[in-house]
C-alpha cells in the first residue's frame with residue numbers, strides 16, 4: 001500500500017506526477033478550491049476579528065472525501081497545490097479540513113512547490129519541503145474577505161438604485177470604469193480636419209515618396225493646413241517652385257540597436273496572445289494550463305510539462321534555463337547571435353510577485369517543430385509563441401540603419417524621405433513583439449531608399465495633397481485592458497481573465513469585434529459607483545490596496561488592521577448612500593426633446609429589463625408610452641428621431657383567418673401575434689420591416705409544434721403525454737415523469753401514467769438556474785415566484801386579498817430579500833476561482 005499521499009489541484013497534473021514518483025505515492029487532485037465562504041450574510045464577521053465561515057464546495061465534496069480516506073492510511077502528506085497565493089490557500093484549507101477530522105495526529109504534513117512538471121523539477125522539489133506559508137494565506141484571506149464585503153454590501157444598493165440583479169466587485173469596478181471613461185472620451189471627441197502633402201519621386205533606381213516638412217519657409221506640422229482650398233493652393237505653389245524635380249540638400253545615416261523584449265510574464269503573455277493569436281485572456285490561461293500540466297510527447301519521454309508555471313510577474317530565468325537557451329541559439333543561429341553574457345531583465349510592474357521564473361519552455365531543446373504533432377492547434381500556437389519569446393530574449397540586439405534624405409522644392413519648401421534597413425537581424429530572426437498601434441517609425445521599417453547625395457536632382461512625378469481627420473482614442477481590447485490594469489497596479493495577473501469574464505457575463509460590456517463597448521447597464525453601474533463611491537473605484541486607491549495585500553503576503557503588515565481600516569469608512573458610506581441617493585440620478589436618464597404629435601417630452605431611461613424610451617411625464621401625464629431600445633442602440637447616443645421610430649410598434653400587418661396580425665417587442669424580444677397566439681421572430685427578422693406572410697408563417701409554425709407536442713390527454717386529469725426536447729415524457733404541470741423505453745407513449749393508460757408519475761416524477765423547473773440552485777448544500781433564499789396550477793385559477797376575491805397582502809409587505813421585505821438574493825453572486829465576483 002502506498003505510504004505517501006501527495007495532493008495537487010488538477011487531475012491532469014496528478015496523473016503526470018504519479019508516473020514520476022512511483023508506487024510509494026498516491027497522488028490525488030483537489031480539483032481547485034475545496035472550500036469557500038458560505039453564500040449568505042455573516043460569512044465574514046467584522047465584529048469578531050473578521051472571522052470567516054467556510055463550507056465545502058459541493059462539486060468538490062467527493063474529491064475531499066477521497067483525500068480524507070487516503071490520508072487515513074498514509075504515513076505522511078505532501079501538499080503540492082499551485083505555486084501562487086491561491087494555491088497556498090488551497091493547501092491551507094485542505095490541511096484545516098484534515099485537522100478538523102483528526103487525520104493529522106502524529107502525521108507529518110509538508111508543502112512542496114512545482115514550478116514546472118518535469119521529472120527533474122518534481123524530484124528536486126520533493127527534497128525541499130516547507131511549511132504552509134501563513135503570510136500568503138493571510139493575504140489571500142484578506143483579499144477574499146474584502147471582495148466578499150464589497151460585493152455583499154454594495155450589490156444590494158445597486159439593486160435598489162440602478163437595477164435588480166447587479167453586482168459590484170472590488171477590482172472589476174475600476175476595470176469597468178476604464179472602459180466607460182474611454183467610451184465617454186470617444187463620444188466627446190470632435191474630429192479635426194488636416195491635410196498632408198507628399199511628393200512622388202521618380203528616381204531612376206527606385207521610386208519613393210517624400211513627406212512635406214517645410215512650407216513657405218516654416219515648419220509644416222499636422223494642423224498647418226486644415227482645409228482643401230488652402231491645401232490645393234499650397235500644392236500648386238510647391239509644384240511651381242519645384243519645376244519638375246527636387247534637389248537633395250542633406251543625407252543622414254544613423255545606426256541604432258533594438259533590444260529583444262523580455263520573456264513572458266502572465267500579463268505580457270495574455271497581451272501578446274491576444275494581439276498575435278486572437279486569444280481571449282481566458283483561453284490563453286486555459287491553453288497555458290494544459291501545457292504546464294503535461295502533454296504526452298511520445299513513448300520516449302511520455303507525459304511532460306512543456307512550460308513553466310504561467311502565473312508570474314517575474315522576467316528572470318534560472319541559470320539552467322539560460323544555459324540551455326544559449327546552447328540552442330548557438331546551435332541553430334550561430335555564435336554571432338549569442339551575446340557575451342546572458343541578457344538580464346528587470347520587471348516594470350509596480351507590485352511584482354517574483355517567486356517564480358518567467359513563463360518559458362521547460363526545455364528549449366524541445367523546439368516547436370519537434371512537439372507540434374503532439375499538440376492541438378491552439379497548444380501549438382501558444383507553445384510556439386512562448387518558445388520563440390524565451391529564445392529571442394537571450395539573443396543579440398537587432399542592428400538597424402535609418403537613412404533620411406532632405407529634398408528641396410525651390411528655396412521655401414522641402415520634403416523628407418526615410419527608410420530603415422536591417423543590417424543584422426539579431427533576435428528578429430526568431431521573434432518580434434506585436435504592437436497595438438503603428439507609428440511613423442514602423443512605416444519606414446523595411447523601406448530602402450536609392451543611393452543619393454547632396455546636390456543630386458531627383459525627377460518629380462507628382463505632388464498630391466490628402467485629407468485626413470483626427471481619430472478618437474481606440475476602445476480597449478483585451479490586450480490593451482490587461483496592459484492598463486497592470487500599469488495601474490490593479491488586480492493581479494491571475495485575476496485578469498476572471499475580471500474580464502465577469503464584466504462580459506454580467507453584460508456590463510459587449511464585444512464589438514475585439515474591443516469592449518460598455519452596455520447601458522454597465523455605464524449606469526460605473527456612473528453610480530464613480531459618483532457615490534469614488535474612492536473605491538479610484539485607480540490609485542485600488543492599487544494601494546494591492547500594495548498593502550502584498551505587504552501582508554511578505555509578513556510586513558497584519559491583515560486584520562488592514563481590514564479594519566477599510567471596513568469602517570466603507571460601511572458608513574454604504575449606509576449613507578442607501579438612504580440618500582435618488583434612483584433617477586444613477587441610471588443616466590436623458591431628455592431628448594418633445595414628441596411632435598402630442599407635444600409630450602421624450603426621454604430614455606434604464607428599467608428593470610433594460611433601456612427604454614418613454615413619451616410623457618409621470619408627474620403630469622396619466623398615460624405614458626414605452627418602447628424598448630433595439631439591439632445596438634444606446635440610451636447615451638440615441639437621437640429623438642430614432643427614439644420616435646420605436647413607437648411605431650406594435651405594427652398592424654393585416655388580417656388572417658378573421659383575426660388581426662401584428663408585431664411588437666416584449667420582455668423576451670420581438671414577436672408576431674395573431675389573436676391570442678404569440679410567436680418569437682427569428683434572428684433574421686426585423687419587426688419594423690417584416691410582412692404579413694412571414695409573420696403568419698412563424699405563427700403557424702409555432703401552432704404546428706404545439707399540436708405535435710401533445711401525444712395523449714386523459715379526460716378528467718391534468719396528466720398529459722408530451723413530446724419534449726429529449727423525447728416523450730409525462731407531466732401534470734407540477735411533476736415531470738419518465739416513460740419506459742419499451743413502451744409506446746401513445747398506448748399508455750391513465751392508471752399507468754399515474755403510477756409512473758408517482759415513481760419517477762420530479763418537480764418542474766421554473767426559470768433559469770433552478771436545477772443548480774436546488775442542488776446547493778447551503779441554500780440561498782430567493783424571492784418566491786407565484787405558484788402556477790395546471791387547470792385552476794384562484795377565485796378573484798382570494799387573488800385580490802393575496803395581492804393586497806403582497807403589496808403591504810413588499811417594502812418591509814425588499815431590503816432583506818435583496819441581501820439574501822444577491823449573496824451568491826455578490827460575494828464572489830472578483831474571486832479567481
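Residue numbers (the UniProt record's numbering): 1 to 833. Just so it is clear, CB atoms sit at the ideal spot from N, CA and C, and this is done for glycine as well.
Close-in-space but distant-in-sequence residues of the same chain around residue 210 (CB under 8 Å, 5 per side omitted): As a position in the chain shown, residue 210 is number 210, starting the count at 1. Within the same chain, residue 210 has close Cβ partners 198, 199, 201, 246, 405, 407, 415, 416, 417.
The ligand FMN heavy atom lying under 7 Å from the CB of residue 726: Annotation note on the ligand FMN: not contained in the displayed structure, which lists no ligands.
Close beta carbons around residue 654, own chain, < 7 Å, minus the five adjacent residues each side: As a position in the chain shown, residue 654 is number 654, starting the count at 1. Closer than 7 Å at Cβ, skipping near neighbours: 661, 692.
Own chain residues within Cβ distance below 8 Å of residue 139, not counting five before or after: Here the question's residue 139 lines up with position 139 in the chain shown. Same-chain partners within the cutoff: 85, 549, 550, 552, 553, 559.
Nearest-angstrom Cβ-Cβ length linking residue 265 and residue 315, presumed shorter than 8 Å: Translated into the one-based positions of the chain shown, residue 265 becomes position 265. Translated into the one-based positions of the chain shown, residue 315 becomes position 315. About 6 Å separates the CB atoms of residue 265 and residue 315; that is less than 8 Å, so the two are in contact.
Beta carbon of residue 135 nearer than 8 Å to that of residue 107: Within the chain shown, residue 135 is the residue found at index 135, counting from 1. Within the chain shown, residue 107 is the residue found at index 107, counting from 1. With a cutoff of 8 Å on beta-carbon distance, residue 135 and residue 107 are scored as not near each other.
Residue environment, residue 912, which counts as buried when at least 16 other CB atoms sit within 10 Å: The chain is shown from 1 up to 833; residue 912 falls before or after that span and cannot be answered.
Three-state class that DSSP yields for residue 18 in the structure shown: Here residue 18 corresponds to residue number 18 of the chain shown, with the count starting at 1. In the structure shown, residue 18 adopts helical secondary structure according to DSSP, grouped into three states.
For residue 203, the first and last residue of its enclosing alpha helix (DSSP H): As a position in the chain shown, residue 203 is number 203, starting the count at 1. No alpha helix (DSSP H) contains residue 203, which DSSP labels as neither H nor E.
Simplified DSSP state of residue 586, which is helix, strand or coil: The residue you call residue 586 lines up with position 586 of the chain shown. It is coil, neither helix nor strand.
Length of the line joining the Cα atoms of residue 748 and residue 678: As a position in the chain shown, residue 748 is number 748, starting the count at 1. As a position in the chain shown, residue 678 is number 678, starting the count at 1. Rounded to whole angstroms, residue 748 to residue 678 spans 31 Å at the Cα level.
Spatially closest choice to residue 93 from 114, 127, 57, 123, by CA coordinates: Here residue 93 refers to the residue found at position 93 of the chain shown. Residue 93 has its Cα closest to that of 57, out of 114, 127, 57, 123.
According to DSSP, residues forming a beta bridge with residue 664: If you number the chain shown from 1, residue 664 lands on position 664. Answer is 671.
Contact between the stretch 149-161 and the stretch 477-497 (3+ Cβ pairs under 8 Å): With a cut-off of 8 Å, the stretch 477-497 and the stretch 149-161 do not count as touching, because too few Cβ pairs lie within range.
Residue 417 - containing alpha helix (DSSP H), residue span: Translated into the one-based positions of the chain shown, residue 417 becomes position 417. Residue 417: not part of any alpha helix (DSSP H); member of the beta strand (DSSP E) spanning 413-424, first to last residue.
Burial state of residue 45, where buried means 16 or more other Cβ atoms lie within 10 Å: Position 45 of the chain shown, counted from the start, is the residue given in the question as residue 45. Exposed: under 16 other Cβ atoms inside 10 Å.
For residue 514, three-class secondary structure by DSSP: Taking the chain shown and counting its residues from 1, one reaches residue 514 at position 514. Judged by DSSP in its simplified three-state form, residue 514 adopts coil rather than helix or strand.
DSSP state of residue 547 mapped onto helix, strand, coil: In the chain shown, residue 547 corresponds to position 547, counting from 1. Helix, per DSSP.
Range covered by the beta strand (DSSP E) that runs through residue 679: What you label residue 679 is simply residue 679 of the chain shown in a count that begins at 1. From DSSP, the beta strand (DSSP E) with residue 679 extends over 677-680.
Closest by C-alpha distance to residue 35, when choosing among 591, 144, 656: Counting from one through the chain shown, the residue named residue 35 turns up at place 35. Measuring from the Cα of residue 35, the nearest candidate turns out to be 144.
Secondary structure, alpha helix (DSSP H): runs of 4+ residues fully inside the UniProt domain "Toprim" (3-119): For the UniProt domain "Toprim" (3-119), whole alpha helix (DSSP H) runs of length 4 or above, ordered along the chain, are 11-21, 61-73, 85-100.
Straight-line gap, residue 81 to residue 310 (C-alpha atoms, nearest Å): Along the chain shown, one-based indexing puts residue 81 at 81. Along the chain shown, one-based indexing puts residue 310 at 310. Counting only the Cα atoms, residue 310 lies some 14 Å from residue 81.
Simplified DSSP state of residue 261, which is helix, strand or coil: For the purposes of this step, residue 261 is taken as residue 261 along the chain shown, with counting starting at 1. Residue 261: coil per DSSP, three-state reduction.
Own chain, CB closer than 6 Å to residue 447, minus 5 neighbours either side, in chain order: By 1-based counting over the chain shown, the position of residue 447 is 447. Around residue 447: 419.
Contiguous alpha helix (DSSP H) assignments of at least 4 residues, all confined to the stretch 264-347: Complete alpha helix (DSSP H) runs here, min 4: 266-272, 281-293, 319-333.
Per-residue DSSP class, three states only, for residue 642: The residue given as residue 642 occupies position 642 in the chain shown. In the structure shown, residue 642 sits in a helix (DSSP, three-state: H, G or I).
Exposed unless 16 or more other CB atoms sit within 10 angstroms - verdict on residue 604: Along the chain shown, one-based indexing puts residue 604 at 604. So residue 604 ends up on the buried side.
With 16 other Cβ atoms within 10 Å as the buried cut-off, status of residue 3: Counted from its first residue, the chain shown places residue 3 at position 3. Residue 3 is classed as exposed because its beta carbon has fewer than 16 other beta carbons within 10 Å across all chains shown.
Candidates 690, 752, 699: closest to residue 713 by CA position: Here residue 713 refers to the residue found at position 713 of the chain shown. The closest CA to that of residue 713, considering only 690, 752, 699, is found on 752.
Three-way DSSP call (helix, strand, coil) for residue 533 in this model: On the chain shown, position 533 is the one that residue 533 refers to. In the structure shown, residue 533 sits in coil (DSSP, three-state: anything other than H, G, I, E or B).
Environment of residue 710 [buried if 16+ CB atoms lie within 10 Å]: Residue 710 sits at position 710 when you count from the first residue of the chain shown. Taking a 10 Å sphere around the C-beta of residue 710, we find fewer than 16 other C-beta atoms and assign the residue as exposed.
Segment contact, 8 Å Cβ cut-off, at least three pairs: the stretch 68-75 with the stretch 103-117: The stretch 68-75, when compared against the stretch 103-117, does touch it at the 8 Å Cβ threshold.
Endpoints, the beta strand (DSSP E) within which residue 396 is located: For the purposes of this step, residue 396 is identified with residue 396 of the chain shown, where counting begins at 1. Counting along the chain, residue 396 falls outside any beta strand (DSSP E), and DSSP gives it neither H nor E.
Whole-number beta carbon distance between residue 291 and residue 382, since they are thought to touch under 8 Å: Translated into positions along the chain shown, residue 382 becomes position 382. Translated into positions along the chain shown, residue 291 becomes position 291. The beta-carbon separation of residue 382 and residue 291, rounded to 7 Å, stays under the 8 Å limit for a contact.
Cβ neighbours of residue 258 in the same chain (closer than 7 Å, five flanking residues each side left out): The residue labelled residue 258 in the question sits at position 258 within the chain shown. Counting only residues of its own chain and dropping the five nearest sequence neighbours on each side, residue 258 has a CB closer than 7 Å to the CB of 397, 398, 400.
Sufficient close CB pairs (3 or more, under 8 Å) joining the stretch 483-494 to the stretch 188-198: With a cut-off of 8 Å, the stretch 188-198 and the stretch 483-494 do not count as touching, because too few Cβ pairs lie within range.
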